[in-house]
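Chains as they are written, first to last, in this note's numbering: chain A, 1 to 112; chain B, 1001 to 1114. Ideal Cβ positions, reconstructed from N, Cα and C, are used throughout, including at glycine. Remember, predicted model here, so these are calculated numbers, not experimental data.
See below:
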């Protein structure tokens, strides 16, 4: 029962262009969503988050969009840089259960 | 200080060994977590401690035994592990009880069970 899904295991984008990573969830009780970036053999690093009461949050080159009716969120990175190459995890937080549930991850590769 | 420190970074152990993983944070967070991550899989929750008490155990086998000596420290005691327990073990911490709970992760311990 995968409550948070990232259907694209990998994505390749040219440097300078926009990267769009997608995430779907099934549990309408999730009240907070986060994106983490991860390099091999390291812990996930927090990137950006959004509350369920908002539809957009922006931080520099990173913007997260939330569509509650579609149970869908996306992370936009613009412009993409080589250092953005990593695995990106979408995660959803269930406050009542105090649990953070991760998606399967999307490996982003930025090509020069 | 926004760091979660985990030791050791790498650990190789036999199936009859007893070892411990350690985690430390000095952010004043009252919740600490253990996650397990296998290669090419997402992190999976194992245990949650809130205010030094075990609040969530995700049906983890008893060969994994967590301990929270104080609000800054979290240990994971390992005994009689199996080769399939080889994974990256991640510790995390958070404030606990906020509506916008953000988990901070350590770099993990890469565990190999022979």
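query                                                                                                                                                                          : result
Could you check what DSSP says for residue 82/A in three-state terms: helix, strand or coil?                                                                                   : helix
Based on Cα-Cα distance, which residue from 1061/B, 1066/B, 1045/B lies nearest to residue 1054/B?                                                                             : 1066/B
From the beta carbon of residue 1101/B, is the nearest beta carbon of chain A less than 8 Å away?                                                                              : yes
Compare the C-alpha of residue 1029/B against each of 1043/B, 1049/B, 1077/B and name the closest.                                                                             : 1049/B
Measure from the alpha carbon of residue 41/A to the alpha carbon of each residue in 1094/B, 1058/B, 1095/B, 1089/B, then state which is nearest.                              : 1089/B
Are any of the Cβ atoms in chain B nearer than 8 Å to that of residue 21/A?                                                                                                    : no
Short of 8 Å in beta carbon distance, which residues of its chain neighbour residue 95/A, apart from the five on each side in sequence? Order them along the chain.            : 31, 32
Please confirm whether residue 62/A and residue 73/A have their CB atoms less than 8 Å apart.                                                                                  : no
Using a Cβ cut-off of 8 Å, pull out every chain B residue sitting near residue 42/A, in sequence order please.                                                                 : 1107, 1108
How about residue 88/A: is its C-beta nearer than 8 Å to some C-beta of chain B?                                                                                               : no
Alpha carbon to alpha carbon, how far is residue 1071/B from residue 1095/B?                                                                                                   : 11 Å
Does the Cβ of residue 1085/B have 16 or more other Cβ atoms within 10 Å, making it buried, or fewer, making it exposed?                                                       : buried
What number of angstroms, rounded off, separates the C-alpha of residue 1016/B from the C-alpha of residue 1110/B?                                                             : 18 Å
Can you tell me the Cα-Cα spacing of residue 118/A and residue 64/A, whole angstroms?                                                                                          : No answer is possible for residue 118/A: it lies beyond the span of chain A, which begins at 1 and ends at 112.
Whole angstroms are fine: how far does the CA of residue 92/A sit from the CA of residue 23/A?                                                                                 : 10 Å
Just confirm the distance between the C-beta atoms of residue 1076/B and residue 1024/B, as a whole number of angstroms; I'd bet it's less than 8 Å.                           : Contact flag wrong, Cβ pair sits at about 13 Å.
Does the separation of the CB atoms of residue 87/A and residue 4/A fall below 8 Å?                                                                                            : no
For residue 39/A, count neighbouring C-beta atoms within 10 Å of its own C-beta (all shown protein chains included) and say buried if the count is 16 or more, exposed if not. : exposed
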